[in-house]
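Just so you know, the sequences run in chain order A and B.
The numbers in the working numbering rise by one with no breaks, and the one at position 232 of the first sequence is 232.
The numbers in the working numbering rise by one with no breaks, and the one at position 5 of the second sequence is 5.
Down below is the structure, laid out as structure tokens.
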Amino acid sequence: MSRAIRAALAAAALLSCALSAPKADAAFFPGVVFDYGGKYDKSFNEGVLTGIERFRRETGVTYKALEISNDVQREQYLRRLAEHGADIILAVGFSQAPAVAKVAKEFPEIKFTLIDGVVKLPNVQSILFSEQEGSYLVGMLAALSSKTHTVGFVGGMDIPLIRRFACGYEQGVKAVAPDDHVITNMVGTTPAAWSDPTRGGELAKSQFDRGVDVVFAAAGQSGIGVLQAAKDAGKLSIGVDSNQNHLFPGSVLTSMVKRVDVAAYNAIKAAQDGTWQPGVRTLGLKEDGVGWALDENNAKLVTPEMKAELDAASAEIQAGTRKVANYDETNGCKY
Amino acid sequence: MDDTALWIVSLLASTVRLATPLVLAALAGFYSERAGVVDIGLEGKMLTGAFAAAATATATGSPWAGLAAAIAASLVLALVHGFACITHRGDQVVAGVAINTIAAGLTAVLANAWFDLGGRTPSLDGTQRFLGLHFPLTDALRGVPLLGRLYGEVVGGQNLLVYLAVLAVPLTSWVAYRTRFGLRLRAVGENPAAVDTAGISVPWLRYRAVLITGALCGVAGAYLSIAQGAGFQENMTAGKGYLALAALILGKWRPYPTLAGCLLFAATDALQARLQGVALPVVGAVPVQIIEVLPYILTVLLLAGFVGKSIPPKAAGQAYVKDR
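Shown next, in the form of structure tokens:
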């Protein structure tokens with residue numbers, strides 16, 4: 001019920017924009033469609049927001065950002081931006097892939113950049129991240145920090161992408177301590193699982209009761225509940241996508257950062273410069289697409305020995321001498 | 001052995017945490033429905049309470065102010081419900097649905113307008129929330145197997161609103177069955193004409209019932225956003241109001257059986273979180289999806305056969321029209 005109303009409101013807002021601001025001449029204008037969770041999710045979507053905000057500050061170019069509140073709107077909003085004559089449209093999130101495939105065909109002149117998903121069309125750029133590599137490193141850090149030899153993982157929606165996080169994390173843990181336990185939970189199996197912090201917190205508490213003392217949350221907004229629960233219980237947590245160390249300083253051990261901000265910035269910048277290329281790009285440790293966050297908020301939690309060990313592993317992964325299995329390619333978490 | 005004990009204690013503690021909002025909301029529904037006013041708007045009142053609590057706690061820094069605001073906001077909606085259904089004899093279900101719709105839209109819009117965080121309120125820190133109370137002797141008793149932990153983590157260690165919910169059940173039972181107000185409340189839900197004949201105002205009685213409902217829903221909402229959680233999120237009640245209503249029906253509109261219904265729902269939910277990815281004897285690890293439908297299957301089974309016929313108050317859903 002609420003969704004219908006909010007959709008109607010959003011549509012009305014959009015309509016008023018359409019009426020008041022027809023596209024002015026040929027000025028460069030990027031558009032972005034955020035996914036569930038919204039642009040302030042402190043995580044994945046917010047990463048993209050950071051990137052385009054940086055672009056706006058540096059170039060003075062304004063953009064149009066839309067947030068969906070139900071599934072149908074992905075396609076509607078992409079088309080709306082395309083009809084408005086956006087030069088490049090950023091579609092955030094794997095679940096936008098079908099909508100991008102459809103709309104990109106209708107507007108072959110417009111550039112589409114899909115983050116976290118793949119669409120093979122001549123005017124679509126697909127950006128993927130090697131989440132398993134970043135997760136591997138934070139898994140190592142979790143194992144190095146755990147005193148109970150039991151660490152946890154709370155995923156959002158149970159999809160291969162999140163399994164890829166979980167699998168990389170588990171490999172990292174086992175690389176440091178082969179006998180440590182990893183307890184894995186998923187918030188749910190529908191997109192609502194990205195925005196249920198109560199349930200995320202409850203899952204985290206259930207893991208703490210089972211001996212977990214470091215928990216990695218890859219669950220969008222639900223992850224905030226996990227981080228909060230860890231703070232309340234005096235345990236350590238690991239954030240995801242954006243650097244979440246500042247949310248609960250001293251309790252967030254680190255964040256597995258996916259540089260979606262850099263990816264978003266680069267895509268728009270390239271479109272403006274005319275260097276934009278379609279195709280699939282995978283950003284890993286080597287491309288600085290993933291990594292782990294170290295700043296003043298978690299400096300006390302990470303000893304120089306830990307940092308050295310992670311840096312060494314990171315170098316090995318980049319050189320290809322240490323292999324991290326990819327859940328999607330190994331058809332299950334096999335390593 | 002120790003692992004099993006730990007598992008049980010953790011399951012019980014989680015059950016208590018998850019049952020609290022259900023108990024408060026179900027008791028809220030108890031007052032309204034026993035007085036003959038069907039209240040499908042529990043969900044909306046809880047949600048409004050949750051938002052008011054989080055917003056006020058953010059602004060003032062005091063959980064008590066948050067709790068008061070939650071109750072006040074929920075009371076306003078309860079009065080709207082009463083005004084529509086009691087004074088103007090509107091359809092009770094329609095009014096309830098309207099309240100849910102208003103609450104879902106309004107909280108999200110206001111949260112976005114005031115805090116600009118995409119429908120959330122800022123995260124609250126410890127002093128702005130009701131945190132777990134540390135009971136005396138917890139540390140001394142920790143060494144006692146099972147009971148020590150039971151005392152420290154299930155009986156103690158919960159936040160204030162949990163104890164309020166626990167107290168609300170016997171209190172409701174006492175009010176409903178041992179006081180004059182309770183007798184009249186139940187009578188007005190069964191046969192308002194008889195109450196009217198006795199010279200007691202039907203609308204005033206029903207208004208009082210609806211106001212109690214509002215207050216309890218406000219507490220339930222505050223629990224979600226400033227005790228169990230630390231901030232408001234869009235639509236954070238996630239159907240708990242309806243679940244509470246189901247527990248009320250399962251409990252045949254009686255306080256203690258309703259409590260049992262709430263505990264059952266909470267326990268299956270808690271179990272669900274704990275069974276994920278755990279290898280069970282005989283069957284091995286069960287897929288997440290199957291475990292997630294467990295509470296619903298159980299509810300259907302119970303409603304279908306085990307609890308027997310559940311008969312609502314006779315006058316529930318009907319506006320009272322004085323005969324001329």
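Ideal Cβ positions, reconstructed from N, Cα and C, are used throughout, including at glycine.
Whole-angstrom distance between T87(B) and I127(A), CA atom to CA atom: Within the first sequence, numbered from 1, the residue matching residue 127(A) stands at position 127. Within the second sequence, numbered from 1, the residue matching residue 87(B) stands at position 87. So the two alpha carbons sit approximately 60 Å from each other.
Below-7 Å beta-carbon distance, R129(B) vs any chain A residue: As a position in the second sequence, residue 129(B) is number 129, starting the count at 1. For R129(B), the answer is no, since every Cβ of chain A falls outside 7 Å of its Cβ.
Interfacial residues, the stretch 184 to 199 of chain A to chain B, with Cβ spacing under 9 Å: T184, N185, M186, G188, T189, A192, S195, D196, P197, T198, R199
Under 8 Å (Cβ pairs) to chain B, residues found in the stretch 51 to 83 of chain A: Within the stretch 51 to 83 of chain A, the qualifying residues are E67.
Residue(s) in a DSSP beta bridge with P257(B): Taking the second sequence and counting its residues from 1, one reaches residue 257(B) at position 257. For P257(B), DSSP records no beta bridge to any residue.
Distance between D158(A) and Q276(B) (C-alpha atoms, nearest Å): One-based indexing of the second sequence puts residue 276(B) at position 276. One-based indexing of the first sequence puts residue 158(A) at position 158. The alpha-carbon atoms of Q276(B) and D158(A) are separated by roughly 12 Å.
Minimum Cβ-Cβ distance from L117(B) to chain A less than 7 Å: In the second sequence, residue 117(B) corresponds to position 117, counting from 1. Yes, L117(B) lies at the interface with chain A (some Cβ there is under 7 Å from its Cβ).
Nearest candidate by alpha-carbon position, reference I268(A), set K105(A), G51(A), A312(A), L236(A): Mapped onto the first sequence, residue 268(A) falls at position 268. Nearest of K105(A), G51(A), A312(A), L236(A) to I268(A), Cα basis: G51(A).
Proximity test, Cβ basis, 7 Å: Q348(A) and chain B: Not covered by the structure: residue 348(A). The range shown for chain A is 1 to 335.
Residue nearest to T190(A) in terms of C-alpha spacing, selected from Q125(A), L81(A), S222(A): Working through the first sequence from its first residue, we reach residue 190(A) at position 190. Closest option to T190(A), Cα to Cα, is S222(A).
Under 9 Å (Cβ pairs) to chain B, residues found in the stretch 280 to 304 of chain A: Within the stretch 280 to 304 of chain A, no residue qualifies.
Cβ-Cβ distance between F129(A) and V92(A) below 7 Å: Looking up residue 129(A) in the first sequence gives position 129. Looking up residue 92(A) in the first sequence gives position 92. Their beta carbons are not under 7 Å apart, which means F129(A) does not touch V92(A) by this criterion.
Outcome for P22(A) when other beta-carbon atoms lying within 10 angstroms are tallied against a minimum of 16: As a working note, residue 22(A) is residue 22 in the first sequence. For P22(A), the pLDDT reaches just 42, beneath the cut-off of 50, and the residue's location in the model is therefore unreliable, although a value from the coordinates is still provided. P22(A) is exposed by the Cβ-count criterion.
C-alpha distance - A264(A) paired with L90(A), whole-angstrom precision: Stepping through the first sequence from its first residue, residue 264(A) is reached at position 264. Stepping through the first sequence from its first residue, residue 90(A) is reached at position 90. Distance between the alpha carbons of A264(A) and L90(A) is about 7 Å.
Positions along the stretch 9 to 21 of chain B whose CB lies within less than 9 Å of some CB in chain A: V9, S10, L11, A13, S14, R17, L18
As assigned by DSSP and simplified to three states, the class of P100(B): Taking the first residue of the second sequence as 1, we reach residue 100(B) at position 100. The sequence given here has Asn at residue 100(B), not Pro. N100(B) falls in the helix class under three-state DSSP.
Distance CB(V260(A))-CB(N243(A)) smaller than 7 Å: One-based indexing of the first sequence puts residue 260(A) at position 260. One-based indexing of the first sequence puts residue 243(A) at position 243. Contact flag unset, no.
Rounded separation between E329(A) and R164(A) - CA only: Locating residue 329(A) in the first sequence gives position 329, counting from the first residue. Locating residue 164(A) in the first sequence gives position 164, counting from the first residue. Approximately 10 Å, taken between the alpha carbons.
Inter-residue spacing [alpha-carbon to alpha-carbon] between K147(A) and V182(A): Taking the first residue of the first sequence as position 1, residue 147(A) is located at position 147. Taking the first residue of the first sequence as position 1, residue 182(A) is located at position 182. For K147(A) and V182(A), the distance between alpha carbons rounds to 13 Å.
Nearest neighbour of A55(B), chosen from G96(B), Y151(B), D116(B) [CA to CA]: Locating residue 55(B) in the second sequence gives position 55, counting from the first residue. Relative to A55(B), the option among G96(B), Y151(B), D116(B) whose CA is nearest is D116(B).
Cβ neighbour criterion (16 or more within 10 Å) applied to V154(A): Start at 1 with the first residue of the first sequence, and residue 154(A) comes out as number 154. Result: buried.
DSSP bridge partner residues for S237(A) (one or two, in chain order): Mapped onto the first sequence, residue 237(A) falls at position 237. S237(A) is bridged to V215(A), V252(A).
Proximity test, Cβ basis, 7 Å: L203(A) and chain B: Taking the first residue of the first sequence as 1, we reach residue 203(A) at position 203. It does; some Cβ of chain B falls within 7 Å.
Neighbourhood of S310(B) by C-beta, 6 Å cutoff - its chain only, sequence neighbours within 5 removed: Taking the second sequence and counting its residues from 1, the one referred to as residue 310(B) is at position 310. Taken in chain order, the residues that qualify are I249, K252.
Beta-ladder partner(s) of H181(A), from DSSP: As a working note, residue 181(A) is residue 181 in the first sequence. The bridge partners DSSP lists for H181(A) are T150(A).
Member of K231(A), V240(A), N266(A) whose CA lies at the smallest distance from the CA of L249(A): One-based indexing of the first sequence puts residue 249(A) at position 249. At residue 249(A) the sequence reads Pro, which differs from the Leu that was named. Nearest of K231(A), V240(A), N266(A) to P249(A), Cα basis: K231(A).
Chain-order list of residues whose beta-carbon lies under 7 Å from that of A319(B) (same chain, five-residue window excluded): Counted from its first residue, the second sequence places residue 319(B) at position 319. The residues are C85, R89.
Cα-Cα separation, N245(A) to T254(A): Sequence index remark: in the first sequence, residue 245(A) carries index 245 (1-based). Sequence index remark: in the first sequence, residue 254(A) carries index 254 (1-based). Using only the alpha carbons, I get a separation of about 6 Å.
Straight-line Cα distance separating M186(A) from V151(A): What you label residue 151(A) is simply residue 151 of the first sequence in a count that begins at 1. What you label residue 186(A) is simply residue 186 of the first sequence in a count that begins at 1. Between V151(A) and M186(A), the C-alpha separation is close to 15 Å.
The stretch 13 to 20 of chain B contacting the stretch 262 to 270 of chain B, beta-carbon criterion three pairs below 8 Å: The stretch 13 to 20 of chain B makes contact with the stretch 262 to 270 of chain B: 3 or more CB pairs, one atom from each, lie closer than 8 Å.
Environment of A27(A) [buried if 16+ CB atoms lie within 10 Å]: In the first sequence, residue 27(A) corresponds to position 27, counting from 1. So A27(A) ends up on the exposed side.
One or two residues paired with T282(A) in a DSSP bridge: As a working mapping, residue 282(A) is identified with position 282 in the first sequence. DSSP output for T282(A) lists L128(A) as bridge partner(s).
Short CB-CB distance (under 7 Å) between S126(A) and chain B: Counting from 1 along the first sequence, the entry for residue 126(A) is found at position 126. No, because no Cβ of chain B sits closer than 7 Å to the Cβ of S126(A).
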